[in-house]
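Protein sequences, first through last, are from chains Y and E. Just so you know, this note's numbering puts 39 at position 39 of the first sequence, and the rest follows in order with no gaps. Just so you know, this note's numbering puts 144 at position 144 of the second sequence, and the rest follows in order with no gaps. By construction, the Cβ of each residue, glycine as well, lies at the ideal position given by its N, Cα and C atoms. A quick write-up on the structure given underneath.
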Amino acid sequence: MAFKLNSDRFRTAVLELIRRASTDLSLDVVKSITDARDSEEEGSAARGVLTAILKNIERAREKSTPICQDTGTNIYYVTLPEGLSMRRISDIILSATREATRKLYLRPNAVDPVTGKNSGDNTGIMSPDIHFDEWDEPAIRVRLVLKGGGCENVSAQYTLPDTSLKAGRDLEGVYRCILDAVVQAQGKGCAPGILGVGVGGDRSIGMILAKKQLFRKLDDVNPDSDLAKLENRLLKDLNSLGIGPMGFGGKTTALAVKIGKAHRLPASFFVSVSYMCWADRRKSMLFSDLEVIYD
Amino acid sequence: MIELKLPIDEKRIRDLKVGDDVLISGRMITGRDAAHAWLVKEKPDEVRNYLKDSMIYHCGPVVKRTEKSWEFIAAGPTTSIREEPYQGTVIKEYGLRGVIGKGGMGPTTLKALQDCGAVYLHAIGGLATLIAESVTNVQGVLKLEEFGIPEALWIIEVRNFPAVVTMDSYGNSLHRDIFERSDAVRKRLMDK
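Below, the structure written as structure tokens:
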């Protein structure tokens, strides 16, 4: 069945995707924060913080205002049916982005690093960040993450071996890097965080892979059993660090650890850690001729 | 819960200790990266009045233009540590009594808080909608054209803005303590 793109309809759908991403946190994330609140001591700072966070999530949804004022780098993964123009889709996403900024779903967030000028509408050089691939379905899938600057700033990339961490070129070494990244981040990335990790690749592939993990549901299980084991071990140990929500202390330092791998060069072994704040604004949509399904 | 009214004097600030929950009301100003560089390099006189005995809020808000003024839509804190090279100087130069942000600050700021009688207050990161609701009025804005909306200095009135004292005027820092404790756990886990 051939897919025919109705540009106006697609633009409206992307605008709605941005609105939902910015103002309405996904259910699995809300559930994870709710469970975390219930696990913290009655009367503790940690419980107070998580209670306020849950109230903020609710208010943002009701009022359709951004959960966090830093609406971040807008990272898109678009999967197209064969033959559709990437340039045309990009133009529509850019147009929806400008409209979303006017409607205050997004803060004007694109600053020229040389002149210091804010473009005012979130578009600019390599902004937003759009990736494409293709599939056989007669529909477009668009996945979007809004990744704030605070958590991006505490993200890190390690090269193994790392003498100071006594980290070798194995999963034990990977474990040590992630532990270190979270201790260095403290509350600054808006803990409790979600750790997207890329093992292997080159520097750019590693980071892309790390960020791609952020599209996974928090309660999914890694199909690679070694990585699944490492994810579980890390989540348990990260939550024993005592950093807690916002770095105020407590049992909840991380909500999830998601690790992916990519083939590396014999000479390189990168561990790329992408820290995502609790305001894990990820949404996807499936756009077909008949309907638009958001998740 | 301790209620703080701005402007505020040194004595009131010296009463505050790490861990105190506060609700702030009165006039304050936002300022982040571009603002701090400007305050230190150019020492502009037009802001002195807004900073003296008041507080600066590390925040890059989402703001709506209304017919007569502006309205804060989303206004959680931004990471404070980026202002570490400037904050001590800004506290001393302008007589600030408080810095509001997230993530805590370093030893230079902690020293200035101690020397001058000021505190660092932690707002909850990402609490954009709730904090925006505590902003009752936008009195004005400085450097909007040049710095853009997130980086401009917004003069705001707040009512019951929630925050926690995490660095006080006696050299105490929750951030330093939590770092030391969590780093000790990290070492234990790595030595296993």
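Check, Outcome
"8 Å Cβ cutoff, I18 of chain Y in contact with chain E", "no"
"Counted within 10 angstroms of its Cβ, other Cβ atoms place Q213 of chain Y as buried (16 or more) or exposed", "buried"
"Members of the segment 125-138 of chain E near chain Y, C-beta cut-off 9 Å", "G125, G126, L127, A128, T129, L130, I131, A132, E133"
"Close beta carbons around I296 of chain Y, own chain, < 8 Å, minus the five adjacent residues each side", "Residue coverage of chain Y in this structure runs from 1 to 295, which leaves residue 296 of chain Y outside it and unanswerable."
"The segment 141-161 of chain E touching the segment 27-37 of chain E, judged by at least three CB pairs closer than 8 Å", "yes"
"Sub-8 Å separation of P113 of chain Y and F3 of chain Y beta-carbons", "no"
"I149 of chain E at chain Y interface by Cβ criterion, 8 Å", "yes"
"Beta-carbon contacts of A163 of chain E that lie in its chain and below 7 Å, excluding the five residues immediately before and after", "V22, I24, I100, L121, H122, A123"
"8 Å Cβ cutoff, T34 of chain Y in contact with chain E", "no"
"P128 of chain Y and Y77 of chain Y closer than 8 Å at C-beta", "no"
"Alpha-carbon to alpha-carbon, A45 of chain Y and L174 of chain E", "12 Å"
"L144 of chain E versus Y:G124, Y:G116, Y:N153, residue with shortest Cα-Cα distance", "Y:G116"
"Collapsed DSSP secondary structure at D9 of chain E in the structure displayed", "coil"
"Contact set between the segment 63-82 of chain E and chain Y, restricted to residues whose Cβ is under 7 Å from the partner", "K64, I73, A74, A75, G76, T78, T79, I81"
"Span of the alpha helix (DSSP H), counted from its first residue to its last, around T159 of chain Y", "No alpha helix (DSSP H) contains T159 of chain Y, which is instead part of the beta strand (DSSP E) from 156-159."
"Endpoints, alpha helix (DSSP H) assigned at Q114 of chain E", "107-116"
"Proximity below 8 Å, CB of F270 of chain Y to CB of R203 of chain Y", "yes"
"Three-state secondary structure (DSSP) of T73 of chain Y", "strand"
"Chain E contact residues for N239 of chain Y, given Cβ-Cβ distances below 8 Å", "Result: empty, since nearest Cβ-Cβ is about 11 Å, beyond 8 Å."
"Beta bridge counterpart(s) of S284 of chain Y as assigned by DSSP", "Y:R143"
"Buried or exposed (CB count within 10 angstroms, at least 16 for buried), K68 of chain E", "exposed"
"Cutoff 8 Å; reference N56 of chain Y; Cβ partners in own chain excluding five residues on either side", "I67"
"Test: C190 of chain Y CB closer than 8 Å to a CB of chain E", "yes"
"Cut-off 6 Å between Cβ atoms - residues of its own chain near S272 of chain Y, not counting five sequence neighbours on either side", "Q157, G198, G206, M207, A210"
"Contact residues within the segment 94-117 of chain E, judged by C-beta distance below 9 Å to chain Y", "K102, G103, G104"
"Other residues of its chain near P81 of chain Y: CB distance less than 6 Å, five sequence neighbours each side excluded", "F3, P138"
"Per-residue DSSP class, three states only, for K143 of chain E", "coil"
"Sequence ranges, beta strand (DSSP E) only - wholly within the segment 227-271 of chain Y, length at least 3", "254-262"
"Under 8 Å from the C-beta of R186 of chain E: neighbouring residues of chain Y", "L179, D180, V183, L241"
"Any C-beta of chain E under 8 Å from that of K166 of chain Y", "yes"
"Closest residue to M1 of chain E among E:A74, E:D20, E:L130, E:I73 (Cα-Cα distance)", "E:D20"
"Minimum C-alpha distance to L16 of chain E - residue among E:V119, E:E146, E:A128, E:F179", "E:V119"
"Spatial distance of F179 of chain E from M86 of chain Y (CA atoms)", "46 Å"
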